[in-house]
Amino acid sequence: MPGQDQGQDHLTVTVMRGGSDAPQRPEAFQVPAYDNQTVLDVVSWIQQNTDPTLTYRFACRVGMCGSCAMMVNGVPRWTCRTHVNKVLRDGALEVGPLRNLPVIKDLAADMDPFFDKWVAAEGRHHPTRSRDDDIAPIDPAGDDRQAASAGIECINCSICYSACDTVAGNPDYLGPAALQRAWTLFNDAKDDSRDAILDAVSGKGGCHSCHSMGSCTTYCPNDLDPLSAIAGLKRATVKRAFGGRK
Amino acid sequence: MTEFRLYMAQRLSALVMAPFVLVHIGVMIYAIQGGLTAAEILGRTQGSVFWFAFYGLFVVAVSIHASIGLRTILGEWAGLRGGARDAVSALIGVGLFAMGATAVWAVTA
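If you want it as structure tokens, here you go:
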């Protein structure tokens, strides 16, 4: 079986090396194969046993921090929760840095553009009250709260941003995660700047640049639905243009 | 807000075009059933305010809709940015309108 050329007990793992100061090139490693191992385990094994200069990023290892996303056989995935056996293609594994972002080195992508766009989409809290006021009562079953809650489990891993072909073709596009955050805040009764949010997502590279291809929703590791959030923003901007208020 | 205005213009022009496309195709299929010469077609369209307004509006909607769509494609596929992209897509819009208006005038005037 190709990729397992040292019997059944080793995998051939191709890792993309290089970064801002060196052209990217693939490098193959032999890694022990186990029944249960994640892609992050494999990358860590290479760094700890074969090449300590291999650069990658991780923190929690349990799918909460959003640090370890990489391209795995051409698909963006959270590597700490991705079992090698489920993603092997003809017995081989190819790991690279996230698409649509600059590469710092090897498997570590530069997340700056991703978070800059998060801010550009007004993805920050605009309070309705001060610390001296009572806490606003929120109905957890209300429609607005349900729409807001749908997106709050985003872990900022940038997998949707990496999967998005519109981001690939349009560097100004804010991307699914930032727009989903804007939609979450737009529906949050505790947020005071709905107009500012709609202004932020109506400009160059805003929600109207989305072609509804849906890779964000397909690849989100937390099963979130940025595609519907962006559709919600489009509807809200049109409604506002016709004089409708939320 | 320009992007939003273009988005609205493209959606609204699509809304206008939808019935035009259906009527256009429907009439073509119906009208040629018994065979129809160019002279017979021109006999029906020349001097007709209805067909002038119908295809005139159709051409306006197509010019708006197509040039905005091509502007996006020029940006994402051809890598054109800023003023160059706007200028090329505006030129395409004007070109489509000029060609369409010439054709409408030729068959309805």
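Chains as they are written, first to last, in the working numbering: chain Y, 795 to 1040; chain L, -9 to 99. The beta carbon of each residue, even a glycine, is placed where N, CA and C say it ideally should be.
CA-to-CA distance, residue j to residue i, given in whole angstroms
i, j, result
"isoleucine 114 of chain L", "alanine 88 of chain L", "For residue 114 of chain L there is no data in the structure shown, the boundaries of chain L being -9 and 99."
"isoleucine 54 of chain L", "histidine 920 of chain Y", "38 Å"
"arginine 819 of chain Y", "aspartate 884 of chain Y", "21 Å"
"lysine 911 of chain Y", "serine 1003 of chain Y", "14 Å"
"glycine 801 of chain Y", "alanine 886 of chain Y", "Confidence at glycine 801 of chain Y is low in this model, with a pLDDT of 49, below 50, so the placement of that residue is unreliable and no value is reported for it."
"alanine 99 of chain L", "tryptophan 41 of chain L", "10 Å"
"arginine 61 of chain L", "valine 52 of chain L", "14 Å"
"aspartate 76 of chain L", "aspartate 803 of chain Y", "58 Å"
"valine 17 of chain L", "alanine 91 of chain L", "20 Å"
"phenylalanine 10 of chain L", "glycine 69 of chain L", "33 Å"
"arginine -5 of chain L", "valine 1032 of chain Y", "10 Å"
"isoleucine 63 of chain L", "histidine 1005 of chain Y", "11 Å"
CB of residue i within 8 Å of CB of residue j, strictly
i, j, result
"asparagine 981 of chain Y", "aspartate 933 of chain Y", "no"
"aspartate 904 of chain Y", "valine 913 of chain Y", "no"
"alanine 976 of chain Y", "tyrosine 955 of chain Y", "no"
"tyrosine 850 of chain Y", "glutamine 841 of chain Y", "yes"
"glycine 860 of chain Y", "asparagine 950 of chain Y", "yes"
"methionine -2 of chain L", "alanine 1023 of chain Y", "no"
"alanine 941 of chain Y", "glycine 1026 of chain Y", "yes"
"leucine 834 of chain Y", "phenylalanine 852 of chain Y", "yes"
"lysine 1028 of chain Y", "glutamate -7 of chain L", "no"
"serine 814 of chain Y", "leucine 895 of chain Y", "no"
Residue from the options with nearest C-alpha to residue i
i, options, result
"threonine 960 of chain Y", "Y:Cys948, Y:Ala935, Y:Ala983, Y:Cys1001", "Y:Cys1001"
"valine 836 of chain Y", "Y:Gly812, Y:Met858, Y:Asn879, Y:Gln818", "Y:Asn879"
"asparagine 830 of chain Y", "Y:Ser943, Y:Val881, Y:Pro907", "Y:Val881"
"alanine 962 of chain Y", "Y:Phe908, Y:Val825, Y:Pro817", "Y:Phe908"
"histidine 14 of chain L", "L:Val49, L:Gly73, L:Trp95, L:Arg(-5)", "L:Val49"
"alanine 96 of chain L", "L:Leu60, L:Ala29, L:Leu64", "L:Ala29"
"leucine 12 of chain L", "L:Arg34, L:Tyr45, L:Gly24", "L:Tyr45"
"valine 84 of chain L", "L:Ile58, L:Pro9, L:Leu64, L:Gly25", "L:Ile58"
"alanine 983 of chain Y", "Y:Asp926, Y:Ser943, Y:Cys862, Y:Asp993", "Y:Ser943"
Nearest-angstrom beta carbon gap, residue j and residue i [assumed within contact, 8 Å]
i, j, result
"leucine 1021 of chain Y", "valine 995 of chain Y", "Incorrect: roughly 15 Å between the Cβ atoms, too far for contact."
"leucine 32 of chain L", "valine 6 of chain L", "Not a contact, Cβ separation roughly 26 Å."
"glutamate 916 of chain Y", "isoleucine 991 of chain Y", "5 Å"
"leucine 81 of chain L", "alanine 56 of chain L", "Contact doesn't hold; Cβ gap of about 12 Å is too wide."
"threonine 832 of chain Y", "threonine 873 of chain Y", "6 Å"
"arginine 855 of chain Y", "proline 870 of chain Y", "Actually they do not touch by this definition, with Cβ atoms about 18 Å apart."
"glycine 945 of chain Y", "leucine 1018 of chain Y", "6 Å"
"methionine 865 of chain Y", "proline 891 of chain Y", "7 Å"
"cysteine 1014 of chain Y", "cysteine 958 of chain Y", "The Cβ separation is near 11 Å, so there is no contact."
Chain-order list of residues whose beta-carbon lies under 7 Å from that of residue i (same chain, five-residue window excluded)
i, result
"arginine 923 of chain Y", "Ala930"
"valine 94 of chain L", "Phe42, Tyr45, Gly46, Val49"
"leucine 1060 of chain Y", "Nothing in the structure corresponds to residue 1060 of chain Y, since chain Y is present only between 795 and 1040."
"threonine 876 of chain Y", "Thr832, Val833, Val866"
Contact set for residue i: own chain, Cβ-Cβ below 6 Å, skip 5 residues either direction
i, result
"asparagine 1016 of chain Y", "Glu947"
"tryptophan 839 of chain Y", "Val825"
"glycine 65 of chain L", "Arg75"
Sequence-distant residues of its chain with Cβ nearer than 8 Å to residue i (five each side left out)
i, result
"glycine 812 of chain Y", "Gln818, Arg819, Val897, Lys899, Asp900"
"serine 38 of chain L", "Thr98"
"arginine 848 of chain Y", "It should be noted that the sequence gives leucine, not arginine, for residue 848 of chain Y. Excluding sequence neighbours, leucine 848 of chain Y sits near Val809, Arg811, Val837, Ile840, Gln841, Asp900, Leu901."
Interface partners of residue i on chain C, CB under 8 Å
i, result
"lysine 880 of chain Y", "The structure shown contains no chain C; the protein chains it does contain are Y and L."
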